[in-house]
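Below: the structure, in structure tokens.
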Amino acid sequence: MVKAAIVIEFLDPNIKYSIEQKVFVIQIIRPEKKNALLPGMYKALAEGLKIADQNDTVNVILLRGVDDCFTSGNDVNSFVSSDSNNGERPSVVFMHALLTTRKPIVAAISGLAVGIGTTCLFHCDLVYASEDCFLQLPFTRLGVCPEAGSSYLLPRQIGYQRAAELLLLGSRLSSKKAQEYGIITEVLPQDQYLDHALQRCHELADLPTQAVQESKHLMKKGLDKVLPGTIEDELAVFSELLKTPDAQAIVKAFLERKMAS
Ligand code: COA
């Protein structure tokens, strides 16, 4: 296990930053709500990416949750009466921070990665998961639609039929299957996934910085032109769908603990 984490100022009580040598670790810690993301948490995630990207002592960013949970996605409470279609919404600021970060982002996930917990992985460069972890894109089950550019990225990354199964049906996907699909880099036992991810981060951090960043830039080239517009389109549809009786009823049912699992 890599030691000597330096704790930096926290911008949100549920998001912790630390530096482990040249690796900036951003950790989501709200276990009592399965790491559901609140507006302040999105802001702190975006700010963490920005701080890491601008800090010369950092070469790699590691995004992680707690041991049994990456994140259950957007806090469903914010869906109840949301009528915002504003590009400055914290979740959108986080999505744009993911798009514009020059340094490699590695994700270490376990337990569950739901909603933006899965879509953010499509912007990460390497993803390590524990074998018990599942992914889920339950947008249609909630009466809404994909976000974070996933409607564009996922069909191109794994093929339309597989993407449709995940984005239209919203079924759970095991980390093993996600690895087969190419969404996850490697699946490891629960007691190894984090150390392995950190080890990979350190390997990456010790490589020539400019070569790594330019290589990432080349691989992502063109997406910076397409994805902002895609995210905007998705957000417009999402906001409209959220107002429908279907979506409001589903969200309220979840909050009243009536929704079937
Ligand atoms: N937003 C708000 N609260 C959430 C949440 C979310 N996304 N995910 C979990 N929680 C809360 C639950 O309401 C519960 O709160 P309570 O203890 O006050 O009742 C607590 O976290 C624990 O969740 P619970 O449902 O009991 O855990 P579980 O292991 O049975 O199920 C999930 C975990 C993630 C499968 C389930 O909570 C779920 O489906 N969450 C919603 C996911 C979602 O739709 N996210 C939005 C995607 S766009």
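Residue numbering for the sequence shown follows the working numbering, beginning at -13 and increasing consecutively. All C-beta atoms in this analysis are idealised placements derived from N, C-alpha and C, irrespective of residue type, glycine included.
Just list the beta strand (DSSP E) runs in the region 30 to 99, keeping only unbroken ones of 3 residues or longer that don't cross its boundaries, in chain order.
-> Considered as a whole, the region 30 to 99 harbours 46 to 50 and 91 to 95 as its complete beta strand (DSSP E) runs of no fewer than 3 residues, in chain order.
Touching by the beta-carbon criterion (3+ pairs, under 8 Å), the region 55 to 69 and the region 201 to 211 | no
As assigned by DSSP and simplified to three states, the class of Ser116 = strand
Given a threshold of 16 other Cβ atoms within 10 Å of its Cβ, counted over all protein chains shown, does Pro90 qualify as buried or as exposed?
-> buried
Please name the residue or residues paired with Gln143 in a DSSP beta bridge.
-> Partner(s): none; Gln143 has no beta bridge.
Look at the alpha carbon of Pro194 and the alpha carbon of Leu35, and state the distance between them as a whole number of angstroms.
-> 20 Å
Helix, strand or coil: which one does DSSP assign to Ser201?
-> helix
Heavy atom of the ligand COA within 7 Å of Val62 beta-carbon | yes
Is Pro124 near the ligand COA, with its Cβ less than 7 Å from a heavy atom?
-> For the ligand COA, at least one heavy atom lies less than 7 Å from the Cβ of Pro124.
Would you tell me roughly how many angstroms separate the C-alpha atoms of Asn21 and Pro76, rounded to the nearest one?
-> 16 Å
Starting from Lys2, follow its DSSP beta bridges and name the residues at the other end.
-> Gln13
By DSSP, does Arg186 sit in helix, in strand, or in coil?
-> helix
What number of angstroms, rounded off, separates the C-alpha of Ala32 from the C-alpha of Pro132?
-> 20 Å
Could you spell out where the alpha helix (DSSP H) holding Ser160 opens and where it closes?
-> Going by DSSP, Ser160 is part of no alpha helix (DSSP H) but of the beta strand (DSSP E) stretching over Arg158 to Ser160.
Under the criterion of a Cβ to heavy atom distance below 7 Å, does Leu227 qualify as lining the ligand COA?
-> no
Cutoff 6 Å; reference Leu139; Cβ partners in own chain excluding five residues on either side = Phe108
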